[in-house]
Amino acid sequence: MTAAHESCTIPVTGMTCAACSSRVERTLERAQGVSAANVNLMTGGATVEYDPAVTSPERLVETIRDTGYGAELPLPEESSEPLLEAQDAARAAELRELRRKLAVSGLATVLVTMVSLRGMTDTGRYAMLLLTLPVVGWAGRHFYSRAWTAFRHHAADMNTLMAVGTGAAFLYSAAVTVFDDWFAARGIQPFEYYEPVVWIITLVLLGNLLEARAKSQTTGAIRRLIALRPQTARVVRNGREEEVALAALEPGDEVVVRPGETVPADGVILDGTSNVDESMLTGEPIPVPKRVGDKVIGATLNRNGAFRFRVGAVGSATVLSRIIRLVQQAQGSKAPIQRLADRISAVFVPVVIAIAVVTFVVWFDLGPEPAYLHALVSAVTVLIIACPCAMGLAVPTAVMVATGRGAELGVLIKGGEPLERSQALDTVVFDKTGTITEGRPAVQKVELAADGPLRDEGELLALAAAVERLSEHPLAEAIVAEAARRGLPERAVSGFESHTGVGVVGVIEGRRVAVGNLALMRELGIDAGSLAARAEAAAAAAQTPMYVALEQRPAGLIAVADPIKPASADAVARLSRLGLETIMLTGDNPRTAESVARSVGITRVLAEVPPDRKLGEIRRLQEQGRVVAMVGDGLNDAPALAQADVGIAMGTGTDVAVEAGAVTLMRGDPLGVVSAIELARRSMRIIRQNLFWAFVYNVIGIPVAAGVLYPAFGLRLTPAFAAAAMAVSSVSVISNSLRLRRFVPRGRA
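Residue numbering for the sequence shown follows my numbering, starting at 465 and increasing by one per position.
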């Protein structure tokens, strides 16, 4: 989406199959000012990118309504949860309506069947007509009204197939009942078809009910996230504690949280200590120790201590709200594989109607007597069995369940496209700092140059810390923290220069101080001398050597180490078992990088790569035909994350990195990379199964319904059987997708 464009999601009602969503999508794409449109059958939403100078959400709503479907102005993005509540209420009302219709239709079906078993008398025919009328006129009325709306807009969908099939059978039966003498006078044997009509409508309603219930389960992950929030918070105001509604919280409020209570909002601890269960956010069941100055996240569970914290974010600005919004956006997205189903659905219904017409003609001309009756039955059966519901549900149901399950595991997958791309990965590139390592480096040792200008380690560390205080690099933070720990005084710095990827330079009390790697020393024309050997030894021990030079002379060395995350080696081993190559990409020196890589099992290292070249390295791998995932957490990783086929951002990293990544790992655990890829592969396997069976169902079902087996085996399908098969196909696709709710990454059962 370009800067000139905006995006909105519009709730759409009345869509029942893939043909419906495809028609709305095509209409929106042709609308003036629209650059892209995605209509999701499962979520009932149309996500539209548009130029606000040309069109508006109000015009887009009218465009959708012109296709014959309902649409309302979208709620503001901050109100995504009320939108979900409204969707839940609409689905609950739909379920209630379907239950009532199914009850009436089911009772009428039983009575019609009982009457038909007693034989065809005039009284019986009129009784069946009267019993069928409420089924056709009320319980199944929406099939006919929606079909008529589609016809008025020069389109056809699942309702068209249902309406034409059952409508033809019912009208023929009614005519035979009322004008039986007219038919008899022309030698046409009267035969009523009320029983199949009511059975078809009842079975389709049953399928719709089961489908609606299954659909409601696909949003369970979001509901569980919303349910984590407490209803109230205990706020300290005017020196007293008072309980207020969660909506009344404001940034800056001081809130008290007692053992066993849920944290009501995001903030920073002011007083007290505790262990907080953040499994709702990260999927990790082990409570996290919290003390003064630590951040707490709303909806996490306070285990054993009491603390007071200052509220930093409330409402839509909280981490939980962001997660909910991301999951909703992901569930409303479309995987590229969906395009195949959309292209087929666009022409499917007209083709089926043509097949039904051909079936009628062939049976009428070549079928046994009564030919007209066999022709009608076969044509109706073709129309009923060919409903494209399963095809339309095959992809979005799996995407919804997968992204919801991922959120529960602390893996936010931002839609169907990254889900599909993730399963095709063959290369995973890890940034070192904060990804394979903890990202919290600490000074291991400070060494003076034997012939250097300084004779005090503290003076060396103080000078280095003064310059590094103006840098944002994690290694700089380690040096500054060590100086503070030792109580060294701060020094004023002027003429600060940052040399990207190699180090920093500044002037302290008239003396020029340089702190950085060997590349910086070479850039400044400084001979490292005897420090080079000690730097090599530090690098071999997985420490990063930082040279300190004073007035163009090497003054000493500061060795910094970043502890390796405990799960890094396991993650690399599991990725290897999945058939993926792992590469480490870092700006660190080759010896340190090789040592870290060797300890976690990575064999290929790209070292001394400055931030501006990381994107180029990813692009070079892609030019070699690799499908690449980039895993990073820093601001300088954002371009590479965006360039990669799948950018995987550590949720513990910067907001820019998280936004640039297509996948976000809320726990910051490299094992989350494995979980994301395993989930993607499982999801795509489910999607392919769904599409395969949806296609096979129609490829086999339509010819059989048309009667291809009749000449050889005398086998035919009845319309009622076709209706049952249609319902089973849709429910089976949803049920297969719901299996993803039980997904557990290997080794984490």
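We put the CB at the ideal spot given by N, CA and C, even for glycine. Note that the structure is predicted; figures quoted are calculated from it, not measured.
Start-to-end residues for the alpha helix (DSSP H) that takes in tyrosine 657: Careful: tyrosine 657 lies outside any alpha helix (DSSP H) and carries neither H nor E.
Nearest residue (CA-CA) to histidine 937, options Asn981, Val1168 and Ala914: Of the listed residues, the one whose Cα sits closest to histidine 937 is Asn981.
Serine 738 - DSSP class collapsed to helix/strand/coil: strand
Inter-stretch contact at 8 Å, needing at least 3 Cβ pairs: the region 1147–1155 / the region 879–890: yes
Simplified DSSP state of lysine 1078, which is helix, strand or coil: DSSP places lysine 1078 in helix when its eight states are reduced to three.
Sub-8 Å separation of glycine 1165 and isoleucine 849 beta-carbons: yes
For proline 1009, the residue or residues it bridges with in DSSP: Ala1023
Three-way DSSP call (helix, strand, coil) for asparagine 981 in this model: In the three-state scheme derived from DSSP, where H, G and I count as helix and E and B as strand, asparagine 981 is classed as coil.
Close beta carbons around valine 968, own chain, < 6 Å, minus the five adjacent residues each side: Same-chain partners within the cutoff: Val931, Ser935, Ser962 and Val979.
Chain-order list of residues whose beta-carbon lies under 7 Å from that of glycine 509 (same chain, five-residue window excluded): Thr473, Ile474, Pro475, Val476 and Gly796
Contacts around alanine 500, its chain only, beta-carbon distance under 6 Å, and the 5 residues preceding and following it disregarded: Cβ neighbours of alanine 500 within its own chain (closer than 6 Å, five residues either side excluded): Glu513.
Status (buried if at least 16 other CB within 10 Å, exposed otherwise) for tryptophan 827: buried
Cα-Cα separation, glutamate 541 to glycine 868: Residue placement at glutamate 541 is flagged as unreliable, the pLDDT there being 48, under the threshold of 50; the coordinate-derived value follows with that caveat. Whole-angstrom Cα-Cα distance: 19 Å.
Helix, strand or coil at leucine 1179 according to DSSP, with G and I counted as helix: Here DSSP, grouped into helix, strand and coil, assigns leucine 1179 to coil.
Buried or exposed (CB count within 10 angstroms, at least 16 for buried), lysine 565: buried
Threonine 891 - containing alpha helix (DSSP H), residue span: Run containing threonine 891: none in the alpha helix (DSSP H); it sits in the beta strand (DSSP E), 891–895.
Cβ separation of tyrosine 658 and valine 576, assumed to be a contact under 8 Å, to the nearest whole Å: Correct: roughly 6 Å between the Cβ atoms.
Endpoints, the beta strand (DSSP E) within which glycine 959 is located: 958–963
Spatial neighbours of methionine 479 in its chain, beta-carbon cut-off 8 Å, leaving aside the 5 residues before and after: Ser485, Val488, Val503, Leu505, Gly508 and Tyr533
Proline 1074 burial status per 10 Å Cβ neighbour count (16 or more: buried): exposed
CB-CB length for threonine 1046 against valine 1036, believed under 8 Å: 5 Å
Inter-residue spacing [alpha-carbon to alpha-carbon] between leucine 925 and proline 521: 60 Å
Alanine 940 versus Arg605, Leu1179, Val662 and Val907, residue with shortest Cα-Cα distance: Looking from the CA of alanine 940, the closest CA among Arg605, Leu1179, Val662 and Val907 belongs to Val907.
Phenylalanine 771 - DSSP class collapsed to helix/strand/coil: strand
Inter-residue CB distance, valine 1110 and alanine 1126 (contact presumed, cutoff 8 Å): Contact flag correct, Cβ pair sits at about 5 Å.
Element boundaries [alpha helix (DSSP H), containing tyrosine 590]: 586–598 is the span of the alpha helix (DSSP H), which, as asked, contains tyrosine 590.
Short Cβ contact (8 Å threshold) for threonine 630 with glycine 604: yes
Three or more C-beta pairs below 8 Å linking the region 692–709 and the region 591–599: Taking 8 Å as the limit for Cβ pairs, the verdict is that the region 591–599 does not touch the region 692–709.
Integer-rounded CB distance, given that valine 628 should sit under 8 Å from leucine 847: 6 Å
Cα-Cα separation between glutamate 742 and valine 865, rounded to whole angstroms: Approximately 22 Å, taken between the alpha carbons.
Element boundaries [alpha helix (DSSP H), containing glutamate 946]: 938–949
Contact under 8 Å by Cβ, alanine 495 with leucine 537: no
Through-space distance from isoleucine 761 to serine 994, alpha-carbon basis: 49 Å
Neighbourhood of alanine 1121 by C-beta, 8 Å cutoff - its chain only, sequence neighbours within 5 removed: In this prediction, alanine 1121 has a pLDDT of 44, which is less than 50 and means its spatial position is unreliable; nothing more can be read from the coordinates.
Cβ-based burial, glycine 959 [other Cβ within 10 Å; buried from 16]: exposed
For alanine 1001 and glutamate 921, the rounded distance between their alpha carbons: 19 Å
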